[in-house]
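The structure appears below as structure tokens.
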Amino acid sequence: MLIDLDSLTAYPEYLHDYTQLKDVNLRRSLEAEQGLFMAESNEVIGRALRAGFTPRSLLLAPHWLEIIRPFLAASPATGFAPDGGPIPVFVASEDLLERLVGFHLHRGAIAAMLRKPAPDPREILKHASRVLILEDLVDHTNVGAAVRSAAACGYDAIMVTPSCADPLYRRAVRVSMGTIFQVPWTRLERWPDPALFHEAGFELAALALREDSQDLRDYATELAGDPTRKVALIAGAERDGLKPQTIARADKVVRIAMAHGVDSLNVAGAIAIACWATAANRP
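With the first letter of the sequence shown counted as 1, position 100 gets the number 100 in UniProt numbering; the numbers rise by one all the way through.
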């Protein structure tokens, strides 16, 4: 249902979801407590709806309404109603939106979405041959970029360790351009847990700069010669990289060769290169 919003004090049960979006710590606790995530921009909202997520509400500037309507009309969550059906669709001036969320919404639309239960990793592994594991990344931008690269390269799934930044945090979702809704993902309860992957027939390939590591190009050639191999590629946190115990329990340790004396890459860039090189069905 469309609601013209002209006050910040109206509908507090819904508008509270959109306040203080720039406060990372507050948003983490609020979204975890209420089982929400924020989808920002019409493209991301559309992908979330197509993936079967249910919005708790939407908030947008007037000129974005006609762009959003087709997404609402195609969603079972709205009863296929272009006005959102039972879902509140708040329409407000850009000035009011900025005062509410704390910053200018460049893409003019944002939605509070209900999270789905995390899938069992064993179920995900049954249907995958390439999995990306993100170990303890802290920057949501890097998480979003990693997700987008893995999706673009045809990876089948993404798994994050217990301490990794949330792939459904607003910035991560925005940077991923909503591809987090298109690739199965889950959070691991324990890590390292090589048995989980070995039981499903996967080898663990750790991305790390070590003298005894294998050149990524050679590893990619190996994989190309044996299309039945299943690979779980592990990438580590910004600055420190993978933990020593993770590297020790990996089946392979691979590195990206670099020129001009460069000794490291941003983790998102390294993941993009490694995913492309090791993709089972490269686009």
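Quick reminder that beta carbons are idealized off the backbone N, C-alpha and C, glycines included.
- Neighbourhood of F71 by C-beta distance below 8 Å, restricted to the same chain and skipping five residues each side: N42, I45, G46, L49 and R50
- Whole-angstrom distance between V160 and A151, CA atom to CA atom: 15 Å
- Excluding the 5 residues preceding and the 5 following V254 in the sequence, name in chain order all residues of the same chain whose CB lies nearer than 8 Å to its CB. A205, A206, L207, A208, S213, Q214, D215, L216, Y219 and A274
- Spatial distance of N142 from V267 (CA atoms): 7 Å
- Item | Neighbour flag for P62 against chain C, beta carbons, 8 Å | Chain labels in this structure do not include chain C; a single protein chain is all it has.
- Task: Starting from G241, follow its DSSP beta bridges and name the residues at the other end.
- Result: A237
- Query: Under the DSSP definition of a beta bridge, which residues are partnered with K252?
  - Reply: A205
- Message: Cutting at 7 Å between CB atoms, please list the residues of its own chain near P227, excluding the five before and the five after it.
- Response: A280
- Grab the span of the beta strand (DSSP E) containing T4 for me, first residue to last. One detail in the question is off: residue 4 reads as Asp in this sequence, not Thr. Unbroken beta strand (DSSP E) run through D4: L2 to D4.
- Message: For a quick check, are the C-beta atoms of A112 and L36 less than 8 Å apart?
- Response: yes
- Can you list, in chain order, the residues of its chain whose CB lies under 6 Å from that of R210, leaving out five sequence neighbours each side? V253
- Message: Is it buried or exposed, R27, if we count other Cβ atoms within 10 angstroms and call 16 or more buried?
- Response: Summary for R27: the model assigns pLDDT 47, below 50, so the residue's position carries little reliability; its value from the coordinates is reported in the next sentence. Per the 10 Å Cβ criterion, buried.
- How many whole angstroms separate the CB atoms of E40 and R174, which I take to be in contact at a CB cut-off of 8 Å? 5 Å
- Query: For L58 versus F103, is the C-beta distance shorter than 8 Å?
  - Reply: no
- Own chain, CB closer than 6 Å to K230, minus 5 neighbours either side, in chain order: S129, G201 and F202
- Item | Run of the alpha helix (DSSP H) containing S149, from where it starts to where it stops | H140 to A152
- Task: Less than 8 Å between the CB atoms is what I'm expecting for T54 and A74, so what's the real figure, rounded?
- Result: Contact doesn't hold; Cβ gap of about 14 Å is too wide.
- Task: With DSSP as the reference, label D193 as helix, strand or coil.
- Result: coil
- Length at least 3, wholly inside the region 48-81: the beta strand (DSSP E) runs in chain order: 55-60
- One or two residues paired with W276 in a DSSP bridge: None; W276 has no bridge partner.
- Task: Look up L188 in the DSSP assignment and say whether it is helix, strand or coil.
- Result: coil
- Using the DSSP secondary-structure output, state which residues sit across from R130 in a beta bridge. V231
- DSSP puts Q214 in a beta bridge; with which residues? V254
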